[in-house]
Amino acid sequence: MDTKSDNDVMNIPALGTPLLDVRGLHVAYGASEVLHGVDLKIGHGEIVVLMGRNGMGKTTLMKSLIGNLPIREGSIFLDGKQITYLPAYKRVEVGLAYVPQGRMIFPTMTVKENIETGLFVRGEKSVPENLYDIFPVLREMGSRRGGNLSGGQQQQLAIARALATRPKVLLLDEPTEGVQPSIIQEMAHTLKKIRDNSGLSIMVSEQVLSFALDIADRILVIEGGNIVHQTTKANVDVDLLTRFLSV
Amino acid sequence: MLSGYSFNDLASIFVMQSFAGLILFSVFLLMALGLAIVFGQMGVINMAHGEFMILGAYTTYVCSYIFAQWMPALFGLYFFIAVILSFIVAGAVGMFLEWSLIRFLYKRPLDTLLATWGVSLILQQIFRSTFGAREVGVTLPDWMMGSWNLSETIQIPINGMIVIAITLLITIVIYGLLYKSGWGKQVRAVMQNRTMAGDVGINTERVDRFTFGLGCGVAGVAGAAFTMIGSTSPTAGQQYIVDTFLVVAFGGTESLGGTIASAFSISQARSILEFFLSGSMAQVLVLLTVIGILMLRPQGLFALKVRR
Ligand SMILES: Nc1ncnc2c1ncn2[C@@H]1O[C@H](COP(=O)(O)OP(=O)(O)OP(=O)(O)O)[C@@H](O)[C@H]1O
Ligand SMILES: [Mg+2]
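Here it is, written out as structure tokens:
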């Protein structure tokens, strides 16, 4: 494997002390281990794209970061706090937010109520206006049931719900899945705007290379439960990435 | 079965049986609300739900005893105090049960079934040791004993009207809690997707404990109402738990309206049929109808239409 770019990553000045620091993460489903010691760091305000083919462990990593899967070995630090053993809702309190693959909005609750479920952790009462400014369609559809939205609208809803918790790090698992190409571009634009305006960090798992190149400050490749390649946007080797992503 | 009754007789029977059915409806509804909320949110089938009702009934009994012994002047009001106390006692015991036992079993539905069944036996034994195996009844204050003569042949008992009023009040309060309060929003989120609710920062453990306590507390109030239509014994809850399961299955656990409509139709069918047929025939007929309907609509009669 190409390891030259690994060294580049370690020397990114902007990284400073990482906001999210994952060390030697081992995660298993019952007896079968799926993540074999994942290390990754995300800096303040950084957008990191996690790429990998189907079944390589992207979702598993996301779920173990937010706290939906128990961690067998290793540790997770967020903003200097050890969160490895906290239940999900406490990790959200510390500053993680999660948009799962498949969106998982609450189907029989209205759009507005769906967003409001994210407010409790900060003890806030009403949805911040700027969320509606980012996703105007959600304002229009406030009283519709979440389950009756289109896939793309549900994706926006899930992101808004996650942002309502005022995260430091936003985790997005394959947000472009089932979304048409023109909207994918718009989504990349929106996510970058969110990062620029609020300074949060984003880790997004992805299989669409154009989206990744569009949005990433840094790209990681996961294969068989290990991070096998890392590169900054500036040093990206498109051919190499394409090879990683093709079967 | 209708021969031998004049039209006027039939009308009166219908009105009075409907009213008797309304008291039954109150008990069913309160029981089913608690069971449905707990099942809907936590997937826990609480086999001890009937015992929580009886806990409320005994609380009411103790309350009436204390008032009669030491505060006879205030006896007329004991029932209202008893309703509140029943809620608090049953709710507190419920929260304790959730904390000490149920929360360790959330991912194992069969184990919760067994464990809560065990709890129901334990509670029955505690009742037996404390109050004896014999049935106890409460004496109603005089003003609640009367009835209101709507016409010569139609009499509506006052205690029944009070029970119905309390049930309405509690249903409205629960509706408000579930659909208008922040707590309710958290409950509904946990009901629909427990993992995701945690992922958006909802403290699911705390929501579970409150919900379980609320469900048991409402069963306690059902018990207070029950003292007006039956006598309390350690095992009296068992007779109601089956009907309550029926109401919940029939109505589905998704909407409060479904539970209400289901409790209403089952109690009315029971009560009106009971006048003409024997009690057990009425029971069988209702059961068969419900099973028939559930075969056509397994998600319950009142499931919401929404993509998921
Ligand atoms: N609940 C589970 N039990 C057992 N094995 C699982 C479970 N979920 C995932 N796996 C296995 O873990 C591996 C990684 O799966 P994961 O869902 O993390 O992949 P992914 O990279 O998200 O794939 P995709 O792009 O298809 O979403 C796969 O081999 C999968 O079969
Ligand atoms: Mg996945």
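Protein chains in written order, with the working numbering: chain S, 22 to 268; chain E, 23 to 330. Just so it is clear, CB atoms sit at the ideal spot from N, CA and C, and this is done for glycine as well.
Task: Assigned secondary structure, residue 27 (chain E) (DSSP; H/G/I helix, E/B strand, else coil) - done: coil
- [ ] Given a cut-off of 9 Å, decide if residue 50 (chain E) and residue 285 (chain E) are closer than it, judged by their beta-carbon atoms.
- [x] yes
- [ ] Answer with buried or exposed for residue 338 (chain E), where buried requires no fewer than 16 other C-beta atoms within 10 angstroms of its C-beta.
- [x] Residue 338 (chain E) falls outside the range modelled here, since chain E spans only 23 to 330, and no answer is possible.
Open item on the list: Between residue 73 (chain S) and ligand 1, is there a pair consisting of the residue's CB and a ligand heavy atom that are separated by less than 8 Å?
Closed with: yes
Task: Distance between beta carbons of residue 81 (chain S) and residue 92 (chain S), contact taken as under 8 Å - done: That belief does not hold up - the Cβ atoms of residue 92 (chain S) and residue 81 (chain S) are roughly 11 Å apart, past 8 Å.
Open item on the list: Given this structure, state the Cα-to-Cα distance separating residue 208 (chain S) from residue 65 (chain E), to the nearest angstrom.
Closed with: C-alpha of residue 208 (chain S) to C-alpha of residue 65 (chain E): approximately 37 Å in a straight line.
- [ ] Would you mind sorting residue 287 (chain S) into buried or exposed? The rule is 16 or more other CB atoms within 10 Å of its CB.
- [x] Here chain S covers residues 22 to 268 and nothing more, so residue 287 (chain S) does not appear.
TODO: Please list the partners that residue 210 (chain E) has in chain S, where partner means a Cβ-to-Cβ separation under 8 Å.
DONE: 127, 129, 130 and 134
Open item on the list: Pairs of beta-carbons, one from the stretch 78–86 of chain E and one from the stretch 248–259 of chain E, closer than 8 Å: are there three or more?
Closed with: The stretch 78–86 of chain E, when compared against the stretch 248–259 of chain E, does touch it at the 8 Å Cβ threshold.
Open item on the list: Suppose contacts are defined by Cβ-Cβ distances below 9 Å. Is residue 77 (chain E) in contact with residue 145 (chain E) by that definition?
Closed with: yes
TODO: Tell me whether residue 296 (chain E) counts as near ligand 2, meaning its Cβ is closer than 8 Å to at least one heavy atom of that ligand.
DONE: no
TODO: To the nearest angstrom, report how far apart residue 172 (chain E) and residue 157 (chain E) are at their CA atoms.
DONE: 33 Å
Task: Buried/exposed call for residue 161 (chain E), threshold 16 Cβ in 10 Å - done: Flag for residue 161 (chain E) reads exposed.
- [ ] Assign residue 129 (chain E) to one of three DSSP states: helix, strand, or coil.
- [x] coil
TODO: Mark residue 73 (chain E) as exposed unless 16 or more other C-beta atoms lie within 10 angstroms of its C-beta, in which case mark it buried.
DONE: buried
Open item on the list: Suppose only complete runs of 4+ residues qualify. What are the alpha helix (DSSP H) ranges in the stretch 91–165 of chain S, listed by chain order?
Closed with: 109–115, 132–137, 150–155 and 157–161
Task: Cβ-Cβ separation, residue 118 (chain S) to residue 40 (chain S) (assumed contact under 8 Å), whole Å - done: Actually they do not touch by this definition, with Cβ atoms about 13 Å apart.
Task: Extent of the continuous beta strand (DSSP E) to which residue 62 (chain S) belongs - done: Its beta strand (DSSP E) spans residues 53–63.
Task: Any chain S beta carbon closer than 9 Å to residue 129 (chain E) - done: no
TODO: Return the CA-CA distance between residue 331 (chain E) and residue 110 (chain S), expressed in angstroms with no decimal places.
DONE: The question about residue 331 (chain E) has no answer here: the residues shown for chain E are numbered 23 through 330.
Open item on the list: With the cut-off set at 9 Å, would you say residue 101 (chain E) and residue 184 (chain E) are in Cβ contact?
Closed with: yes
Task: Extent of the continuous beta strand (DSSP E) run through residue 231 (chain E) - done: Here residue 231 (chain E) belongs to no beta strand (DSSP E); instead the alpha helix (DSSP H) covers 226–248.
Open item on the list: Between the alpha carbons of residue 52 (chain E) and residue 75 (chain E), how many angstroms are there, rounded?
Closed with: 9 Å
- [ ] Determine the direct distance from the alpha carbon of residue 242 (chain S) to that of residue 248 (chain S), and round the result to whole angstroms.
- [x] It is roughly 6 Å from the alpha-carbon of residue 248 (chain S) to the alpha-carbon of residue 242 (chain S).
Task: chain S within 9 Å of residue 257 (chain E), Cβ atoms only - done: Residue-level contact check: residue 257 (chain E) does not touch chain S, since none of the beta carbons of chain S fall below 9 Å from its beta carbon.
- [ ] Keeping to the same chain, check which residues put their C-beta closer than 8 Å to that of residue 41 (chain E); ignore five residues upstream and five downstream.
- [x] 178, 179 and 182
- [ ] Please report the Cβ distance between residue 240 (chain S) and residue 213 (chain S), rounded to the nearest whole angstrom; I am assuming they are in contact, meaning their Cβ atoms lie under 8 Å.
- [x] Between residue 213 (chain S) and residue 240 (chain S) the Cβ distance is about 15 Å, and since that is not below 8 Å, they are no contact.
Task: Residue(s) in a DSSP beta bridge with residue 84 (chain E) - done: Residue 84 (chain E) is not bridged by DSSP to any residue.
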